[in-house]
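Count the sequence shown with numbering that gives the first Met the number 0 and you get residues 0 to 155, in order.
The C-beta atom is built at its ideal place from N, Cα and C for all residues, glycine as well.
In this text, all values refer to a predicted model and were calculated from it rather than measured experimentally.
See structure below.
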Amino acid sequence: MSMLFSLTALPWLAMLVIQGAIRWRERAVGNLVSCLLIVASFQFAISCGHVVRDAVFRFQSDRWNRAVTWVVRHNAPNGGRPIALPDEYSDLAYGVHYRHDEACGLMVDFFWGGGFPVKHTVRRYALNPDWVDIGQCRKSWSRGRALSGSWYEVSD
């Protein structure tokens, strides 16, 4: 939906800028307000998306915690291949990686989203809250934010 909006809004924004430059005496204020509203709507949409994702996560937090428990009980850490979740948790993520080492502690990554402008979105369960300050724990995850407790959302 956001891609469709972007593909619609960006040409419209360009049209308003061109129209404002050509007929600036007649439409300067109206076009300026329209351009500012379009630009502000992108930030508004991102903020709304975070609110909705956080609400859905809080609603399903018990399932996410049970999925972490299942992964830790049934798999060895630091495996090279993604872990397949059982049917009851399969809708949470399309791939799971489980890591447990001295530097980072216990970390379980649930790959659940991807697309523009990021390649992957991961919900990470990490017992050590200091993992964000350790370079080898972050690796290629350039963006992230805390969700609640030991849960984080990171993306590349």
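Reference residue i; option with closest CA among the options
{"i": "Pro76", "options": "Leu84, Val16, Asp61, Asp100", "result": "Asp100"}
{"i": "Val67", "options": "Asp53, Ala83, Arg52", "result": "Ala83"}
{"i": "Trp69", "options": "Gly48, Ala44, Tyr97, Gly134", "result": "Tyr97"}
{"i": "Arg74", "options": "Ala20, Ser60, Val95", "result": "According to the sequence shown, residue 74 is Asn rather than Arg. Cα-wise, what sits closest to Asn74 is Val95."}
{"i": "Tyr124", "options": "Gly19, Pro10, Arg62, Glu25", "result": "Arg62"}
{"i": "Val32", "options": "Ile45, Ala44, Val16", "result": "Val16"}
{"i": "Glu152", "options": "Pro81, Asp86, Gly79, His49", "result": "His49"}
{"i": "Pro81", "options": "Met14, Trp130, Trp111", "result": "Trp111"}
Own chain, CB closer than 6 Å to residue i, minus 5 neighbours either side, in chain order
{"i": "Ile37", "result": "Ala8, Leu12"}
{"i": "Gly142", "result": "Per the sequence shown, the amino acid found at residue 142 is Arg instead of Gly. Correct list, in chain order: Ser154."}
{"i": "Arg144", "result": "Glu152"}
With 16 other Cβ atoms within 10 Å as the buried cut-off, status of residue i
{"i": "Ala92", "result": "buried"}
{"i": "Asp132", "result": "exposed"}
{"i": "Ser230", "result": "Any property of residue 230 remains undetermined from this structure, which presents the chain solely from 0 to 155."}
{"i": "Phe109", "result": "buried"}
{"i": "Ser139", "result": "exposed"}
{"i": "Cys47", "result": "exposed"}
{"i": "Val28", "result": "exposed"}
{"i": "Arg122", "result": "buried"}
{"i": "Val107", "result": "buried"}
Expected contact under 8 Å - CB spacing of residue i and residue j to nearest Å
{"i": "Leu105", "j": "Leu126", "result": "4 Å"}
{"i": "Gln135", "j": "Cys103", "result": "7 Å"}
Residues bridged to residue i (per DSSP)
{"i": "Met106", "result": "Arg98, Ala125"}
{"i": "Ala145", "result": "Tyr151"}
{"i": "Gly112", "result": "Thr120"}
{"i": "Ile82", "result": "Val95"}
Cβ-heavy atom distance, residue i to the ligand FMN, below 6 Å
{"i": "Glu101", "result": "As for the ligand FMN, it is missing from this structure, which has no ligand bound."}
Residues near residue i by beta carbon distance below 8 Å, same chain, minus five either side
{"i": "Tyr88", "result": "Arg62, Arg65, Ala66, Trp69"}
{"i": "Pro128", "result": "Ser149"}
{"i": "Gly19", "result": "Arg26, Ala27, Asn30, Leu31, Cys34"}
{"i": "Asp90", "result": "none"}
Same chain, Cβ closer than 7 Å to residue i, five either side skipped, listed in chain order
{"i": "Cys113", "result": "The residue you asked about is not Cys; residue 113 is Gly in the sequence shown. Here the set comprises His119, Thr120."}
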